[in-house]
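Asks: Numbering (my numbering), first residue to last: 338 to 631. For reference, the structure I am asking about is given below.
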Ligand SMILES: Cc1cc2nc3c(=O)[nH]c(=O)nc-3n(C[C@H](O)[C@H](O)[C@H](O)COP(=O)(O)OP(=O)(O)OC[C@H]3O[C@@H](n4cnc5c(N)ncnc54)[C@H](O)[C@@H]3O)c2cc1C
């Protein structure tokens, strides 16, 4: 059932301080709306619990990409199109650039924001495995000031986050130290465009003298929140990529994901795909070492 617009109030504060004051005056009363590509789906379905909407779409403070020597700071209000058009993101953060390129369709990429993807907290959200792999930190802001937390601690359970009622996500910070890593990302869905993933993976790896010196594997749609495969990473570090390692990695990955059956896929299919993606990534990582020696 569609919602009745007459029952809703919409305000659009002109600056970040004004938006934060509103959130503080009445915590929990105002629902921030950025691109609206998640909120308006709920609205259209008559399932939006909030009646007071606060647009943050036009806040310039959230729409800025700052390039610092050691990190890139991406405003939470940046759209997927903003991410796709940024040269540093394309060059140094290909996992995020690729994720931005396969969210929805072009209209969705012009409107949907990185902050909205994070706070909407879907386990299938496309940008989140990349943020885990890159060890992203989030800048949260309220009238009390800013606090910075590791993205890996932000989602605590299905659709649950560390965001307080008076806070906004201001920015996402990515350290500029992974550009020499082999990067691998895949989204497996029903189609390439306009499809929610059945499994998505973002992984980074680096070899030293033929052995794995550092590896980071993150997945979406295989647990209540996007996860790093910490157990699999642990058994891989220090080892050479060979057939026995691929087998061990498959087994370890299967044991640490918690996929479910739902309308998009089955736990069995998700497990098989997740294992194949881990193996494909490792094969590419191993092959990069052979190329370097040639
Ligand atoms: C047709 C269609 C296709 C889609 N395809 C994909 C897909 O392929 N992959 C994918 O991952 N997603 C997809 N989505 C979901 C959606 O586009 C993304 O999650 C998008 O990033 C949401 O951003 P937004 O700015 O539109 O969020 P909004 O709808 O504005 O907000 C979403 C939630 O985040 C909160 N929020 C937003 N910004 C902030 C902030 N800065 N601080 C605090 N809270 C905030 C809002 O209060 C709300 O709870 C699709 C949606 C549609 C309609």
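Ideal Cβ placement from N, Cα and C applies to all residues, glycine included.
Within 7 Å: the Cβ of residue 369 and any heavy atom of ligand 1?
Replies: Here residue 369 refers to the residue found at position 32 of the chain shown. Flag set: Cβ of residue 369 near ligand 1.
Asks: Which same chain residues end up closer than 6 Å to residue 484 when comparing Cβ atoms and leaving out the 5 residues on each side of it in sequence?
Replies: Along the chain shown, one-based indexing puts residue 484 at 147. So the qualifying residues of the chain are 477.
Asks: Got a sec? Which residues, its chain only, sit under 8 Å from residue 396 by beta carbon, not counting five neighbours each side?
Replies: Walking along the chain shown from the start, residue 396 turns up at place 59. The answer, listed in chain order, is 350, 352, 353, 356 and 414.
Asks: Quick check: what's the CA-CA separation for residue 495 versus residue 520?
Replies: The residue you call residue 495 lines up with position 158 of the chain shown. The residue you call residue 520 lines up with position 183 of the chain shown. If I take the Cα positions, the gap works out to 27 Å.
Asks: Nearest to residue 550 by alpha carbon, out of 556, 528, 537 and 578?
Replies: Here the question's residue 550 lines up with position 213 in the chain shown. Residue 578 is the option with its Cα nearest to residue 550.
Asks: Excluding the 5 residues flanking residue 369 on each side, which residues of the same chain have their C-beta closer than 7 Å to its C-beta?
Replies: In the chain shown, residue 369 corresponds to position 32, counting from 1. These residues qualify, in order along the chain: 391, 393 and 505.
Asks: Which term fits residue 570, buried or exposed, when burial requires 16 or more other beta carbons within 10 angstroms of its beta carbon?
Replies: If you number the chain shown from 1, residue 570 lands on position 233. Under this definition residue 570 is a buried residue.
Asks: Ligand 1 and residue 375: does any heavy atom of the ligand fall closer than 7 Å to the residue's C-beta?
Replies: For this step, residue 375 is matched to residue 38 along the chain shown. Under cutoff, so the answer is yes.
Asks: Figure out for me which residue from 598, 559 and 599 has the closest Cα to the Cα of residue 612.
Replies: By 1-based counting over the chain shown, the position of residue 612 is 275. Cα-wise, what sits closest to residue 612 is 559.
Asks: For the candidate residues 423, 432 and 534, whose alpha-carbon lies nearest to that of residue 441?
Replies: Here residue 441 refers to the residue found at position 104 of the chain shown. Cα-wise, what sits closest to residue 441 is 534.
Asks: Can the beta-carbon of residue 444 be found less than 8 Å from the beta-carbon of residue 417?
Replies: Here residue 444 corresponds to residue number 107 of the chain shown, with the count starting at 1. Here residue 417 corresponds to residue number 80 of the chain shown, with the count starting at 1. In this structure, residue 417 does not lie closer than 8 Å to residue 444 by Cβ.
Asks: Please report the straight-line C-alpha distance between residue 625 and residue 524, rounded to a whole angstrom.
Replies: Here the question's residue 625 lines up with position 288 in the chain shown. Here the question's residue 524 lines up with position 187 in the chain shown. Rounded to the nearest angstrom, the two C-alpha atoms are 22 Å apart.
Asks: Assuming residue 365 is part of the beta strand (DSSP E), what are its boundary residues?
Replies: One-based indexing of the chain shown puts residue 365 at position 28. Segment: none, residue 365 is in no beta strand (DSSP E) and carries neither H nor E.
Asks: May I ask whether a heavy atom of ligand 1 can be found less than 7 Å away from the beta carbon of residue 505?
Replies: Translated into the one-based positions of the chain shown, residue 505 becomes position 168. Yes, since a heavy atom of ligand 1 falls inside the 7 Å radius drawn around the Cβ of residue 505.
Asks: Can you tell me whether residue 424 is buried or exposed? The criterion is at least 16 other CB atoms within 10 Å of its CB, across all chains shown.
Replies: Counted from its first residue, the chain shown places residue 424 at position 87. Classification for residue 424: exposed.
Asks: Would the beta-carbon of residue 429 fall within 8 Å of that of residue 516?
Replies: As a first step, residue 429 is located in the chain shown; it is residue number 92 there, counting from the start. As a first step, residue 516 is located in the chain shown; it is residue number 179 there, counting from the start. Contact: yes.
Asks: Across which residues does DSSP place residue 516 in a beta bridge pair?
Replies: What you label residue 516 is simply residue 179 of the chain shown in a count that begins at 1. DSSP lists no partner for residue 516.
Asks: Name the residue from 563, 564 and 589 whose alpha carbon lies nearest to the alpha carbon of residue 572.
Replies: Here residue 572 is taken as the residue at index 235 of the chain shown, counted from 1. For residue 572, the nearest C-alpha among the options comes from 589.
Asks: List, from N- to C-terminal side, the beta strand (DSSP E) runs of 3 residues or more that fit wholly inside the region 454-536.
Replies: Listed in chain order, the complete beta strand (DSSP E) runs (minimum 3 residues) inside the region 454-536 are 474-479, 482-487, 492-494, 505-512 and 519-525.
Asks: By the three-class DSSP mapping on this structure, what secondary structure does residue 388 have?
Replies: Locating residue 388 in the chain shown gives position 51, where the first residue counts as 1. Here residue 388 sits in coil by DSSP.
Asks: Please report how far the alpha carbon of residue 565 lies from the alpha carbon of residue 511, in whole angstroms.
Replies: Within the chain shown, residue 565 is the residue found at index 228, counting from 1. Within the chain shown, residue 511 is the residue found at index 174, counting from 1. Distance between the alpha carbons of residue 565 and residue 511 is about 16 Å.
Asks: Just the C-alpha distance for residue 606 and residue 360, rounded to the nearest angstrom, thanks.
Replies: The residue given as residue 606 occupies position 269 in the chain shown. The residue given as residue 360 occupies position 23 in the chain shown. Their backbone Cα atoms lie some 43 Å apart in a straight line.
Asks: Less than 8 Å between the beta carbons of residue 502 and residue 386, yes or no?
Replies: Taking the first residue of the chain shown as 1, we reach residue 502 at position 165. Taking the first residue of the chain shown as 1, we reach residue 386 at position 49. No, the Cβ-Cβ distance between residue 502 and residue 386 is not below 8 Å.
Asks: Note down, in chain order, each residue of its chain lying with its Cβ closer than 7 Å to the Cβ of residue 431, except the 5 sequence neighbours on either side.
Replies: Residue numbering aside, residue 431 sits at position 94 when the chain shown is read from its first letter. 520.
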